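Protein chains in written order, with my numbering: chain A, 1 to 499; chain B, 500 to 680; chain C, 681 to 1038. The C-beta atom is built at its ideal place from N, Cα and C for all residues, glycine as well. Fair warning: this is a prediction, and the values are worked out from it, not measured in the lab. Down below is the structure, laid out as structure tokens.
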């Protein structure tokens, strides 16, 4: 019976997932003490435990990468792509945890359990990103979605919070149901749950129309998490409803793992054979075009900066899906690079709200007036991050887009590349509006008065994370070769080699 | 009479299946929340019946125990507590009804078209066969087969599921807890 | 068996099935009315009263008031069948059936006697033959369905007492089911299966030399939990929160009268019988005679009578407890269920799992 226990090599595959999960399981127990004096220390302890777990997970993944080992356990396989994604998620979560310390103290309430949920979500994402088994994929999806539903609705006193949480939950449940139905159909047709085995059976079942329905339902589930356009309506409401750090984490990590899962499921066009391949590509093309057009145009007319960032994150999903349309190894590598930069940009952008001490529902452009001059360093970081989001040349965001557009042109999708460039130009409009509000608009007198009366904003941790984001954005522009050759390229090579 | 019974027994699976769909339709269509829950219960019972006709007795009984005996009771409990009668007068599907019907019809067409092969193709006449390892007696019974699946082949998903349950608990705590520093 | 089958012009299997169905239903229907009598006379004895003794056949034959049950039956038939105007009519009709059917179904897998050979075929004294794959899970699952009868009756009556009673009953039944299941799993584990025939077989012989090899002695804590939970599942005092005369009048069946009420009442006694049969099979050796390891030579009818004796004795215990213990308060009930019985049954399960480690 003891042989059922994982061996040490198999434990290695589980460790990075177990660290956050264990920490998340311990944290709610620590919070049982209701004594006010002790609670302050417990809170600090909770954050320390969370950071420690994330750090341990990070170290472990980095060590695995250094030793070039790809451990696996049952349906879980921690290959290079999974390791890359794991580090991506852990970094995003660590930034979110640091920001949330400041944000929750600014808001005036701290529930330690939110950190626990965040960590559970991290483990779920890692599971989601490191398997090809559809069943485990679905469980990973649920494991990272359910905590996010609850996190969105944490602030019960605000009605928009409950609204966002409920919307997210219901739409998410429908998407999960579609995903599950797709799995059922595919399993019924092929008799396997493993999507990489499924691809190998490129014989009769692939021509079956039912197979296409199954793949379509799977895509609904994925694209919902990517928040690409026909399935994007939840995004703005949910991001606005969530606390700022959580919104940042959701926009980065959810999208990131969903894109990685898409890369895993649809690596290149030849993967699904001559019949299905072009069809899937057509779907991606349609989704990308819709996403770019709708998201960028809607983002232009927003009055809330946070809502604008939500639409901007939808539009970035469009650029990422464009990479899937091209489908070459170069494009997939570009997507991973894009994701890494996107992590820095969006965690930074959402972190700005905390760094400026904006609490409650103060997330409009009006609330941002003149803040750039008040906090010069943060203003500079904001400018860098926003220019990078728009894709201004020397910064990281530009190279992400460049790598994807280059492959698009190389595969003959010149129109799409042009559309992408146009979309970037449009996006310049709303990002500039953010910067204009920060630097060129003087605060109103009411705001001035409020600012003098309000206590000093405690946001050193959040400012640190924004600074890190800005540095990464700049570094991504000048030292992209390290990131691309060192990690992204190897991950994609490993994945395609597997096939 | 005997013939009728035999043909009835042979077609138990489609009968239960159709009844389950009927229960699900009742659940969606009825105005009273309690009626909806009872429709759901009926659908669950029929699904358990489907499992039984497929010689998956353990699964059928588990379905009864977990869904009919546990989950639906809680649904009914909550529905009765919340008392939705004041919304009874309102037509909750005011505008959506037609759109929803159209969408359902469209979905049925798509899936039905896709299922055409499976339903009326050459393979449709073949009888359902049990998995060979069960008929060969390699696995002793239902419970053994299920437990081997759960605790050996799919141990990892099983453990992930247990974490998901824990997450649901913590999530409920977060949503119910009052906010304070 | 063959002669019976040929008389009925069917196969022996069908004939035997018919016999078994008649037997199971006859048992429940035959025992339930005397049980009501036993309850009333028993309560009278315990409380030092006389109890019903007026009803008489032809004005003469009284038989200690046993005829009262008959009179009640006649009364139920001839009373007006009333549906309150504000009730939800369809569900109001459905509820007694929902209560009655699960109470009857639970018996389907209980073996009421030794299996025997006749004409080369083995016949079993349970409606479903062993190896049906459902085993003891079936009565548990069906027992779990009983709560719907109460909930639907409560809700459809559209009466505040009824709703209160239904709520309490359902919360109680759901809570106690958890401890119950965990206690039962320990038995399944030790037996190595959940088929009632296996469970009964595993309880034959002696334990420690002086006791019958019954699970009640081998797993006393499991038995304690199971026994208490069975009271809760059957909604009997001290767990009769669905009714609780002093607080919510008659609880969930306050609006019911005539035959519908009779069905609900029958369902209650069916539950008592079912609970007794379950306890007998799981913990008291089923149809097995204590200390006897090999039942091969013992006549079938003796094993059946042994089973019947155990069941009826347990039914009397149910009545005895009802009139001896006071009712719990609601929070005490929940405390007992979640904070005491559940940990006990968990510890019980873990202990036996530990003992079974490979």
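(message) Counting only C-beta atoms, is residue 831 (chain C) closer than 7 Å to chain B at any point?
(response) yes
(message) Can you confirm whether the region 1017 to 1024 of chain C touches the region 812 to 825 of chain C when touching is taken to mean that 3 or more C-beta pairs between the two stretches lie within less than 8 Å?
(response) no
(message) Between the region 766 to 781 of chain C and the region 826 to 840 of chain C, can you find at least three pairs of beta-carbon atoms closer than 8 Å?
(response) yes
(request) Kindly list, in the order they appear in chain B, the residues whose Cβ is closer than 8 Å to that of residue 113 (chain A). (result) 669, 672, 673, 676
(message) Suppose you measure from the CA of residue 948 (chain C) to the CA of residue 551 (chain B); what does that come to, to the nearest Å?
(response) 28 Å
(request) Taking 8 Å as the threshold, find out whether the region 272 to 289 of chain A comes into contact with the region 150 to 157 of chain A through three or more Cβ pairs. (result) no
(request) Give me the Cα-Cα distance between residue 487 (chain A) and residue 237 (chain A), rounded to the nearest whole angstrom. (result) 34 Å
(request) Answer yes or no: does any C-beta atom of chain B fall closer than 7 Å to that of residue 136 (chain A)? (result) yes
(request) Over the uninterrupted beta strand (DSSP E) stretch that includes residue 798 (chain C), give me the two end residues. (result) 796 to 798
(request) Would you mind telling me which residues of chain A sit closer than 9 Å to residue 663 (chain B), beta carbon to beta carbon, in chain order? (result) 120, 124, 139, 142, 143, 146
(message) What would DSSP say about residue 529 (chain B), mapped onto helix, strand or coil?
(response) coil
(message) Quick check on the burial criterion: 16 or more other C-beta atoms within 10 angstroms. Buried or exposed for residue 801 (chain C)?
(response) exposed
(request) May I ask you to report which of helix, strand or coil DSSP gives residue 948 (chain C)? (result) helix
(message) Does chain A have any CB closer than 7 Å to the CB of residue 656 (chain B)?
(response) yes
(message) Residues of chain B with CB closer than 9 Å to the CB of residue 828 (chain C), please, in chain order.
(response) 537, 540, 567, 571, 572, 575
(request) Could you name the residues of chain B that residue 187 (chain A) contacts, counting a contact when the two beta carbons are closer than 8 Å? (result) The contacting residues do not exist; residue 187 (chain A) stays about 13 Å from chain B at best.
(request) Measure the C-alpha to C-alpha separation of residue 95 (chain A) and residue 350 (chain A) and round it to an integer number of angstroms. (result) 11 Å
(message) Mapping the DSSP letters down to three states, classify residue 730 (chain C) as helix, strand or coil.
(response) coil
(message) Helix, strand or coil for residue 123 (chain A)? Go by DSSP, reduced to three states.
(response) helix
(request) Out of B:531, B:560, B:512, B:536, state which residue places its alpha-carbon closest to the alpha-carbon of residue 523 (chain B). (result) B:536
(message) Could you pull the DSSP bridge partners for residue 887 (chain C) from this structure?
(response) C:891
(request) Compute the distance between the beta-carbons of residue 459 (chain A) and residue 333 (chain A), then report whether it is under 7 Å. (result) no
(request) Return the residues of the region 880 to 897 of chain C that lie within a Cβ-Cβ distance of less than 8 Å from chain B, sorted by chain order. (result) none
(message) So, for residue 533 (chain B): in the same chain, excluding its five sequence neighbours on each side, which residues have a beta-carbon less than 8 Å away from its beta-carbon?
(response) 575, 578, 579
(request) Go ahead and label residue 738 (chain C) buried or exposed: buried means 16 or more other beta carbons lie within 10 angstroms of its beta carbon, across all protein chains shown. (result) exposed
(message) Please state whether the Cβ-Cβ distance between residue 557 (chain B) and residue 675 (chain B) is less than 7 Å.
(response) no
(request) Give me whichever residues DSSP pairs with residue 132 (chain A) in a beta bridge. (result) DSSP, once it has assigned bridges, lists no residue as partnering residue 132 (chain A).
(request) Give me the Cβ distance between residue 313 (chain A) and residue 255 (chain A), rounded to the nearest whole Å; I'm assuming they're in contact under 8 Å. (result) 7 Å
(request) Can you grab the Cα-Cα spacing for the pair residue 1033 (chain C) / residue 901 (chain C), in whole Å? (result) 14 Å
(message) Measuring alpha carbon to alpha carbon, tell me which residue in B:671, B:606, B:657, B:670 is nearest residue 216 (chain A).
(response) B:606
(request) Could you check the C-alpha separation between residue 715 (chain C) and residue 167 (chain A) for me, to the nearest Å? (result) 55 Å
(request) Output, in chain order, the set of chain A residues within a Cβ distance shorter than 7 Å of residue 614 (chain B). (result) 210
(request) Note down, in chain order, every chain B residue with its Cβ under 8 Å from the Cβ of residue 168 (chain A). (result) Result: empty, since nearest Cβ-Cβ is about 12 Å, beyond 8 Å.
(request) Determine whether the Cβ of residue 74 (chain A) lies closer than 7 Å to any Cβ atom of chain B. (result) yes
(request) Starting from the beta carbon of residue 641 (chain B), find every residue of chain C whose beta carbon is closer than 8 Å, and list them in chain order. (result) 813
(request) Mark residue 680 (chain B) as exposed unless 16 or more other C-beta atoms lie within 10 angstroms of its C-beta, in which case mark it buried. (result) Its pLDDT being 45, under 50, residue 680 (chain B) is placed unreliably in this model, and the value from its coordinates should be taken loosely. So residue 680 (chain B) counts as exposed.
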